[in-house]
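Under my numbering, think of the first position of the sequence shown as 147, with each following residue one higher.
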Amino acid sequence: MKEWNENKLDQELEAMLEDMPQQEELEKKIEQRMKKKIQKIVCCTLAGIIGVVLVLLLIINPFLNAIFINPAKLNEGEHSQMQTTLKNYWETTQPYAELVALKVKKKGFAGYELSMQITDRRSPVIYGVPNVWVDMKFGKYVNWRDSGFVTSFRANRFENPYEEKEKYLEKIKELPESSILYLSVGAESPKVVEELRKEAVDVQWVEVYQPNSSFQGGLALRDSLIGGEDAARTEMTEAQLKETYLSHLKDLLDHMDIWNSLDLQSSKYVFPGEGKESALRECYEDAKQLDVLEAKNYCISGKRDEIVEYLEKTDISSILVDEVKLSELSN
Numbered sequence: 147m148k149e150w151n152e153n154k155l156d157q158e159l160e161a162m163l164e165d166m167p168q169q170e171e172l173e174k175k176i177e178q179r180m181k182k183k184i185q186k187i188v189c190c191t192l193a194g195i196i197g198v199v200l201v202l203l204l205i206i207n208p209f210l211n212a213i214f215i216n217p218a219k220l221n222e223g224e225h226s227q228m229q230t231t232l233k234n235y236w237e238t239t240q241p242y243a244e245l246v247a248l249k250v251k252k253k254g255f256a257g258y259e260l261s262m263q264i265t266d267r268r269s270p271v272i273y274g275v276p277n278v279w280v281d282m283k284f285g286k287y288v289n290w291r292d293s294g295f296v297t298s299f300r301a302n303r304f305e306n307p308y309e310e311k312e313k314y315l316e317k318i319k320e321l322p323e324s325s326i327l328y329l330s331v332g333a334e335s336p337k338v339v340e341e342l343r344k345e346a347v348d349v350q351w352v353e354v355y356q357p358n359s360s361f362q363g364g365l366a367l368r369d370s371l372i373g374g375e376d377a378a379r380t381e382m383t384e385a386q387l388k389e390t391y392l393s394h395l396k397d398l399l400d401h402m403d404i405w406n407s408l409d410l411q412s413s414k415y416v417f418p419g420e421g422k423e424s425a426l427r428e429c430y431e432d433a434k435q436l437d438v439l440e441a442k443n444y445c446i447s448g449k450r451d452e453i454v455e456y457l458e459k460t461d462i463s464s465i466l467v468d469e470v471k472l473s474e475l476s477n
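Dropping the structure here:
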């Protein structure tokens, strides 16, 4: 019996030893299949990710760029449409500001960063140094970075009562003779722009007087820093100035997608939302009927004595001192 048990045990051990290579081979096959399956899953996952990225880059990104404004494309070439329209926007809506340079950086999926150089015409300009940045996402301007507030709108600029005229003039006379003043002036009655240009003071900007229009746009009478067809304002005739004003209004109407997320503002009113287009169109149609350009609200600059002489002889209802420089050498 004992011998039989030993023989049986030996047979079972031999059978197990014979099966071991088969088990090892089976384990290897299982391991290989698992590796192949894992590789297949990884490849499918990577292919899916690559496919999604390609769809985003080749389909969705171009689609978003097509349905929303593309400032990079509009900013191509010298005196681009993007720069021209934004320049016209700031000139029409507020004094002094002039866009002199614009660069657009693509950020993908209808996102862009605009870097701008905007001067207030009262400080030296180092051309090519941006001072304003803004992001554009899905056709709207967001996240403005403007530490110098050159794009900021000053409400009630021409609503500062000029009551104590003599005291005001005395304070100005106390300034050094070399002083240069920049003033925003509201006159009692409209002044013909052509007559204003003949004054000893420099007329920087006028808000064109249009009593039949709720919105009244502005026009710079100083020469532009960046050139272009309408650069030499000081050499223009009255008819040319009117044509320039009309062309700016028309450009803003034709390219509202460039500035539509900004407000349309004049000295008394701010037009947000859907009211912008109707107010601007009303202004444009009314401006075409003007025989002469007039202004009640305008900005002037000049030396101390020139300013005093002008204020003494002019009926003024409002005055705001925008800046005083001690001399022409002041920054």
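Backbone N, C-alpha and C fix where the C-beta goes; we use that ideal spot for every residue, glycine too.
Note that this is a predicted model, so its numbers are computed, not measured.
**Prompt:** Using DSSP with H/G/I as helix, E/B as strand and the rest coil, what is R291?
**Reply:** Indexing the sequence shown from 1 puts residue 291 at position 145. In this structure, R291 counts as strand in the three-state DSSP scheme.
**Request:** Assign G274 to one of three DSSP states: helix, strand, or coil.
**Result:** Counted from its first residue, the sequence shown places residue 274 at position 128. Looking at G274 - three-state DSSP - the assignment turns out to be coil, as it is neither helix nor strand.
**Asked** Any idea what DSSP makes of L395, helix, strand or coil?
**Response** Residue numbering aside, residue 395 sits at position 249 when the sequence shown is read from its first letter. The answer is helix: DSSP assigns L395 an H, G or I state.
**Asked** Which runs of the beta strand (DSSP E) spanning at least 3 residues fall entirely within the region 312–389, listed in chain order?
**Response** 326–338, 348–354, 364–366
**Request:** Have a look at E222, P241, K233 and flag the residue whose alpha-carbon is nearest the alpha-carbon of L466.
**Result:** The count along the sequence shown starts at 1 and reaches residue 466 at position 320. Of the listed residues, the one whose Cα sits closest to L466 is P241.
**Message:** Could you check whether L410 and K396 sit closer than 8 Å to each other, using their CB atoms as the reference points?
**Reply:** Sequence index remark: in the sequence shown, residue 396 carries index 250 (1-based). Sequence index remark: in the sequence shown, residue 410 carries index 264 (1-based). In this structure, L410 does not lie closer than 8 Å to K396 by Cβ.
**Selection from V288, Y328, F214, T460 that minimises the alpha carbon distance to R303** = In the sequence shown, the residue the question calls residue 303 occupies position 157. Looking at the Cα atoms, Y328 is the closest of the given residues.
**Message:** Buried or exposed, going by whether 16 or more other CB atoms sit within 10 Å of the CB of R480?
**Reply:** The requested residue 480 is not part of the displayed model; the chain covers only 147 to 477.
**Distance between I184 and Y273 (C-alpha atoms, nearest Å)** = For the purposes of this step, residue 273 is taken as the residue at position 127 of the sequence shown. For the purposes of this step, residue 184 is taken as the residue at position 38 of the sequence shown. About 59 Å.
**Per-residue burial, A87 [other beta carbons within 10 Å of its own, 16 or more giving buried]** = Outside the shown range of the chain (147 to 477) lies residue 87, about which nothing can therefore be said.
**Message:** With H, G and I counted as helix, E and B as strand and the rest as coil, what does DSSP make of L466?
**Reply:** As a position in the sequence shown, residue 466 is number 320, starting the count at 1. Strand, per DSSP.
**Request:** Buried or exposed for E458, please, with buried defined as at least 16 other CB atoms from any protein chain shown within 10 angstroms of its CB.
**Result:** Within the sequence shown, the letter at position 312 stands for residue 458. Exposed, because fewer than 16 other Cβ atoms sit within 10 Å of the Cβ of E458.
**Distance CB(I446)-CB(A333) smaller than 8 Å** = The sequence position of residue 446 within the sequence shown is 300, counting from 1. The sequence position of residue 333 within the sequence shown is 187, counting from 1. No. Outside cutoff.
**Asked** Do the region 418–434 and the region 354–374 make contact, defined as three or more Cβ pairs closer than 8 Å?
**Response** yes
**Prompt:** Heavy atom of the ligand NAP less than 7 Å from the Cβ of L371, yes or no?
**Reply:** Absent from the structure shown: the ligand NAP. Ligands present: none.
**Request:** Determine the extent of the alpha helix (DSSP H) in which L457 is found, giving its start and end residues.
**Result:** Taking the first residue of the sequence shown as 1, we reach residue 457 at position 311. Its alpha helix (DSSP H) spans residues 450–459.
**Request:** Take the Cβ of P322 as the centre, count every other Cβ of all protein chains shown within 10 Å, and call the residue buried at 16 or more, exposed below.
**Result:** Your numbering for residue 322 matches position 176 in the sequence shown. With fewer than 16 other Cβ atoms within 10 Å, it is exposed.
**Asked** Considering only the beta carbon of each residue, do I453 and L220 sit closer than 8 Å?
**Response** Within the sequence shown, numbered from 1, the residue matching residue 453 stands at position 307. Within the sequence shown, numbered from 1, the residue matching residue 220 stands at position 74. Against a cut-off of 8 Å, the Cβ pair of L220 and I453 comes out as no contact.
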